[in-house]
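Numbering (this note's numbering), first residue to last: 938 to 1214. What follows is a set of notes on a single structure, which appears directly below.
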Ligand code: SF4
Ligand code: SF4
Ligand code: FES
């Protein structure tokens, strides 16, 4: 039989929990009729349409971009839209919500704690030239080499898989976690940024970056190939050098102006498509 014609019945063992009704999670069993190419998310849709409309999970893009559909698949944090059923099992699979988050219902984790931690480390370019930032006259200079210093960390889709896998997250509720810490490094390492001192207060503290004991599980499970463990170790190095007064101060890069004698027209932004409040 050709690979694309493979058909099989797979048992889904799914953790169910409604905080408004249940004392704790329990497991329910469903049979999914699987053909080659079906994703774990497709199987959930089949269950919802044909067997149990009360089952809850979260998804949006169905193509590994939005980060909504992460869950524990056979005990490993993964994107359900990006995981083919027959790649992970021939007979049965278990599904549970991401650990280290509150559960909204069934397979839906409450990701507020991820976004609150992310916002707390100031994930944006910080500079003194506010006027240039607000009304830019050109682009800030950045060489390809400087871009490489942080590029991979920009691929993070905030799915939460790394936070679910992190043993420090499991034991220390105040730990910022691999998403926030990797994004703090992403901005610190950006040659256009000057926010190291400000972010330092958020990460070089009790329960901060030095609580990471480099298990590396965050990087092992990342579906986008981001290496948060590496970002965290590089940030530790920067902080130690800073403490020893050996870190070279980063001067945010300059505006790349027009060639001498040429006046660059101001950049015109397209109009907003929704009303600004
Ligand atoms: S670093 Fe990877 S695993 Fe963690 S939130 Fe970003 S994309 Fe997901
Ligand atoms: S390397 Fe650090 S952040 Fe990543 S899983 Fe280990 S303890 Fe958590
Ligand atoms: S549904 Fe968007 S990443 Fe899976």
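Backbone N, C-alpha and C fix where the C-beta goes; we use that ideal spot for every residue, glycine too. Here the structure is a predicted model, which is why all the values come from computation and not from measurement.
- Residue burial is scored here from C-beta neighbours: residue 998 has fewer than 16 other C-beta atoms within 10 angstroms and is therefore classed as exposed.
- Here residue 1088 is exposed: its Cβ has fewer than 16 other Cβ atoms, across all protein chains shown, within 10 Å.
- Here the distance from the Cβ of residue 1146 to the nearest heavy atom of ligand 1 is not below 7 Å.
- Between residue 1051 and residue 1095 a beta carbon distance of about 6 Å is seen, short of the 8 Å cut, so the two are scored as contacting.
- Proximity of the stretch 1061-1070 to the stretch 1163-1174 falls short of the contact definition, fewer than three beta-carbon pairs being nearer than 8 Å.
- Per DSSP, the unbroken alpha helix (DSSP H) holding residue 1050 starts and ends at 1049-1057.
- With a cutoff of 7 Å, residue 977 does not count as near ligand 1, since its C-beta is closer than that to no heavy atom of the ligand.
- In the DSSP annotation of this structure, residue 1212 is not part of any alpha helix (DSSP H), being labelled neither H nor E.
- In the DSSP secondary-structure assignment, residue 1013 is bridged to 1010.
- Annotation for residue 1143: no alpha helix (DSSP H) segment contains it, and DSSP assigns it neither H nor E.
- When DSSP reads this structure, residue 946 sits in a beta bridge with 970.
- In the three-state DSSP reduction, residue 1135 falls in the helix class (H, G or I).
- Judged by the Cβ position, residue 1165 qualifies as a neighbour of ligand 2 at the 7 Å threshold, a heavy atom of the ligand being closer than this.
- Set against 7 Å, the gap from the CB of residue 973 to the closest heavy atom of ligand 3 is not smaller.
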